[in-house]
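S.K.: Pasting a structure here, questions to come.
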Amino acid sequence: MSRAGTLRNYHEVERGMASGPQVRVNGKSCLTFCCQDYLGLSRHPAMLEAMREAVDRYGCGMAGSRFIGGTSPLHHQAERALAALHDGEAAVLYANGYMANLGSIAALAKPGDVIFSDELNHASIIDGCRLSRSEIVVWRHNDVEDLRLRLQQYPSAGNRFVICESLYSMEGHFAPVREVLSACAEFGCFAYVDEIHAVGVYGPKGDGYAAQLGLSSQVDLLMAGAGKALGSLGGYVVTRSDPAALLKSRSRAFIFTTALPPAIVSTVITATELVVDAGLLRRRILENARTLRSWLREADFDCMTSESHIVPILTGSSETTGRVTQHLLADGLYAQGVTYPSVPRDRGRLRIAVTADHTLDDLDRLVSGLKKVRNQVASFPRHRSTE
Ligand SMILES: Cc1ncc(COP(=O)(O)O)c(C=O)c1O
């Protein structure tokens, strides 16, 4: 593995309290472009207050699983708040987004069922599908024609589930959610949509991309998390009816693990309140993303198919990607390179996350830094702008 160059490097990142996207990486002052605190809520005074108050009242941990001593009134309050945010019937709060996908898919789908999974779905979805022991049919990324063909080819006496993400974080583009949902309705399948990167940033109250399209009621199972735009930690699944009770009785990743600490759960509740009124932050982050994309494309960088606040920049091979990220770090810019096996071998990229905290000066600094690096790394791909 190490010979194949696939060992990952972990940088030490220190995020101060009042410094926006300014962080320290391996002890060096840097501007970060890989923080998923999209709206900056992790440092919001109300979030800090919620956490402090809960620590003072309840201590640091529940010291029990949700089933055995670990469900506080706050846990139920958070689940009600998350269900309300998404206009759902009920929500199930897991320790994180990975567990939410793994545990809910494995519990909902069973042998004899068929899961139709987009080929670029996140590792947690893939692992949940495998654990379910259902038949797994992978459909071409975002290709609804291919999905429909496979729905015709794979009937089942059991249940059928279609699983996709609403916003793909390695590509920065959306799924054709409307078309996927209508295929689900036509073929009688459950629609499971991972909205973890869209919640907070899209939708009239930050309730996600399906909500932005006015289609929330057609999503049978909405999965998301509090570890990104909600500025905290946790994963959740919002359901329209019974499945929430079923998950709480059957989902091993929910039952057999220590419950989230009350202080975390308290911030999840606060975030569900803050996010509803975060229209200004939503406008700011989307404006930042549009500006960055247009500056990058003007400067001949390839932002691939980005149409969201996630703006990947194509760097090509793993070797080039590694060199680009090193040069950027040396220049005080922290942009995570993503390489094989997370993406195809020649499609390495910088996964830039724009936030509402970035200023125009920050974005300008990134583009200037990238231009400098392109003079140092000849293999950095160029792209003729079409926008
Ligand atoms: C699409 C998707 N789903 C689920 C997860 C897991 O979420 P968490 O980081 O809360 O475990 C991620 C993580 O980045 C993700 O990108």
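For the sequence shown, the positions run 2 to 388 when our numbering is used.
For each residue, glycine too, the CB sits at the ideal point set by N, CA and C.
What would DSSP say about Met-224, mapped onto helix, strand or coil?
M.R.: Indexing the sequence shown from 1 puts residue 224 at position 223. In this structure, Met-224 counts as strand in the three-state DSSP scheme.
S.K.: Which of helix, strand or coil does DSSP assign to Ala-64?
M.R.: Looking up residue 64 in the sequence shown gives position 63. DSSP places Ala-64 in coil when its eight states are reduced to three.
S.K.: Express the C-alpha separation of Val-163 and Cys-185 in angstroms, rounding to a whole number.
M.R.: What you label residue 185 is simply residue 184 of the sequence shown in a count that begins at 1. What you label residue 163 is simply residue 162 of the sequence shown in a count that begins at 1. C-alpha separation (whole angstroms): 7 Å.
S.K.: Can you find the residues in the same chain that come closer than 6 Å, C-beta to C-beta, to Tyr-99, ignoring five residues on each side of it along the sequence?
M.R.: For the purposes of this step, residue 99 is taken as the residue at position 98 of the sequence shown. Ser-125, listed in sequence order.
S.K.: Rounded to whole angstroms, what is the Cα-Cα separation between Glu-15 and Tyr-39?
M.R.: Taking the first residue of the sequence shown as position 1, residue 15 is located at position 14. Taking the first residue of the sequence shown as position 1, residue 39 is located at position 38. Between Glu-15 and Tyr-39, the C-alpha separation is close to 17 Å.
S.K.: Three Cβ pairs or more, each shorter than 8 Å: is that satisfied between the region 99-118 and the region 67-84?
M.R.: Cβ pair count under 8 Å is below three, so no.
S.K.: Less than 7 Å separating the Cβ of His-45 from some heavy atom of ligand 1?
M.R.: One-based indexing of the sequence shown puts residue 45 at position 44. Checking the Cβ of His-45 against ligand 1 gives no.
S.K.: Please report the straight-line C-alpha distance between Met-18 and Gln-219, rounded to a whole angstrom.
M.R.: Position 17 of the sequence shown, counted from the first residue, corresponds to residue 18. Position 218 of the sequence shown, counted from the first residue, corresponds to residue 219. One C-alpha to the other measures close to 40 Å.
S.K.: Please determine if the region 40-56 and the region 245-256 are in contact, where contact requires at least 3 C-beta pairs separated by less than 8 Å.
M.R.: With a cut-off of 8 Å, the region 245-256 and the region 40-56 do not count as touching, because too few Cβ pairs lie within range.
S.K.: Looking only at its chain, what residues have a beta carbon closer than 7 Å to the beta carbon of Gln-78, apart from the 5 residues adjacent to it on each side?
M.R.: Translated into the one-based positions of the sequence shown, residue 78 becomes position 77. Around Gln-78: Ile-270.
S.K.: Let me check understanding here. Comparing Cα to Cα, which of Asp-128, Arg-151, Ala-96, Arg-134 lies closest to Lys-111?
M.R.: On the sequence shown, residue 111 is found 110 positions in, with the first residue counted as 1. Answer by Cα proximity: Arg-134.
S.K.: CA-CA distance, Arg-350 and Arg-58?
M.R.: Position 349 of the sequence shown, counted from the start, is the residue given in the question as residue 350. Position 57 of the sequence shown, counted from the start, is the residue given in the question as residue 58. Taking the straight line joining both Cα atoms gives about 45 Å.
S.K.: Taking DSSP as the reference, what is the three-state secondary structure of Tyr-99?
M.R.: Here residue 99 refers to the residue found at position 98 of the sequence shown. Note: Tyr-99 maps to helix in three-state DSSP.
S.K.: Ligand 1 heavy atoms versus the CB of Asn-143: any closer than 7 Å?
M.R.: Position 142 of the sequence shown, counted from the start, is the residue given in the question as residue 143. Flag unset: Cβ of Asn-143 not near ligand 1.
S.K.: Is any non-hydrogen atom of ligand 1 found closer than 7 Å to the C-beta of His-310, if you look at the structure I gave you?
M.R.: The residue given as residue 310 occupies position 309 in the sequence shown. It does not: the Cβ of His-310 is nowhere closer than 7 Å to a heavy atom of ligand 1.
S.K.: For ligand 1, is there any heavy atom lying closer than 7 Å to the beta carbon of His-123?
M.R.: To locate residue 123, count along the sequence shown from 1; it is residue 122. Correct: His-123 has its Cβ closer than 7 Å to ligand 1.
S.K.: Could you spell out the range, first to last residue, of the alpha helix (DSSP H) harbouring Asp-365?
M.R.: Here residue 365 is taken as the residue at index 364 of the sequence shown, counted from 1. Note, Asp-365: alpha helix (DSSP H), 361-377.
S.K.: Does the structure place the region 56-75 close enough to the region 202-219 that three or more beta carbon pairs sit under 8 Å?
M.R.: With a cut-off of 8 Å, the region 56-75 and the region 202-219 do not count as touching, because too few Cβ pairs lie within range.
S.K.: Identify every run of the beta strand (DSSP E) within the region 217-266, keeping only runs that are complete inside it and at least 3 residues long; order them along the chain.
M.R.: With a minimum length of 3 residues, the continuous beta strand (DSSP E) runs that stay inside the region 217-266 are 222-226, 236-240.
S.K.: Assign Glu-180 to one of three DSSP states: helix, strand, or coil.
M.R.: Counting from one through the sequence shown, the residue named residue 180 turns up at place 179. Glu-180 falls in the helix class under three-state DSSP.
S.K.: Out of Asp-119, Arg-283, Tyr-155, Ile-137, point me to the one whose CA is closest to Ala-199's CA.
M.R.: Start at 1 with the first residue of the sequence shown, and residue 199 comes out as number 198. Of Asp-119, Arg-283, Tyr-155, Ile-137, the residue nearest in Cα terms is Arg-283.
S.K.: Quick check: what's the CA-CA separation for Ala-47 versus Gly-207?
M.R.: Stepping through the sequence shown from its first residue, residue 47 is reached at position 46. Stepping through the sequence shown from its first residue, residue 207 is reached at position 206. Taking the straight line from one Cα to the other gives about 18 Å.
S.K.: Is it buried or exposed for Asp-195, if we count other Cβ within 10 angstroms and need 16 for buried?
M.R.: Reading the sequence shown from its first residue, position 194 is the one you call residue 195. With 16 or more other Cβ atoms within 10 Å, it is buried.
S.K.: When you measure from the CB of Ser-170 to every non-hydrogen atom of ligand 1, does any distance come out below 7 Å?
M.R.: As a working note, residue 170 is residue 169 in the sequence shown. Under cutoff, so the answer is yes.
S.K.: Could you work out which residue in His-359, Ile-197, Arg-375, His-76 is closest to Val-24 when comparing CA atoms only?
M.R.: Position 23 of the sequence shown, counting from 1, holds the residue named residue 24. Closest by alpha carbon: His-359.
S.K.: Any heavy atom of ligand 1 closer than 7 Å to the CB of Ile-265?
M.R.: One-based indexing of the sequence shown puts residue 265 at position 264. Not under cutoff, so the answer is no.
S.K.: What residues in its chain sit with their C-beta under 6 Å from that of Glu-13, if we drop five residues either side in the sequence?
M.R.: Walking along the sequence shown from the start, residue 13 turns up at place 12. The residues are Asn-27.
S.K.: Excluding sequence positions up to five away, which residues of its chain have a Cβ less than 6 Å from the Cβ of His-174?
M.R.: Working through the sequence shown from its first residue, we reach residue 174 at position 173. So the list reads Thr-306, Glu-308, once near-sequence residues are dropped.
S.K.: By the DSSP assignment, the beta strand (DSSP E) with Ser-30 in it spans what residues?
M.R.: Position 29 of the sequence shown, counted from the first residue, corresponds to residue 30. Run containing Ser-30: 29-33, per the beta strand (DSSP E) assignment.
S.K.: Where does Gly-338 fall in DSSP's three states?
M.R.: Along the sequence shown, one-based indexing puts residue 338 at 337. Strand.
S.K.: Is the beta carbon of Thr-322 closer than 8 Å to that of Gly-65?
M.R.: Stepping through the sequence shown from its first residue, residue 65 is reached at position 64. Stepping through the sequence shown from its first residue, residue 322 is reached at position 321. Taking 8 Å as the Cβ cut-off, Gly-65 and Thr-322 do not qualify as a contacting pair.
S.K.: Starting from Glu-166, trace the beta strand (DSSP E) in both directions and tell me its first and last residue.
M.R.: For the purposes of this step, residue 166 is taken as residue 165 along the sequence shown, with counting starting at 1. First-last of the beta strand (DSSP E) with Glu-166: 161-166.
S.K.: Between which residues of its own chain and Arg-141 is the CB-CB distance below 7 Å, once the five residues before and five after are set aside?
M.R.: Locating residue 141 in the sequence shown gives position 140, where the first residue counts as 1. For Arg-141, where only same-chain residues beyond five positions count, the Cβ hits under 7 Å are Glu-120, Asp-147.
S.K.: Quick check on DSSP: helix, strand or coil for Val-26?
M.R.: As a first step, residue 26 must be located in the sequence shown, where it is residue number 25. DSSP places Val-26 in strand when its eight states are reduced to three.
S.K.: Would you list the residues sitting across from Ala-354 in a DSSP beta bridge?
M.R.: Numbered from 1 along the sequence shown, position 353 holds the residue referred to as residue 354. In DSSP, Ala-354 forms a bridge with Ile-311.
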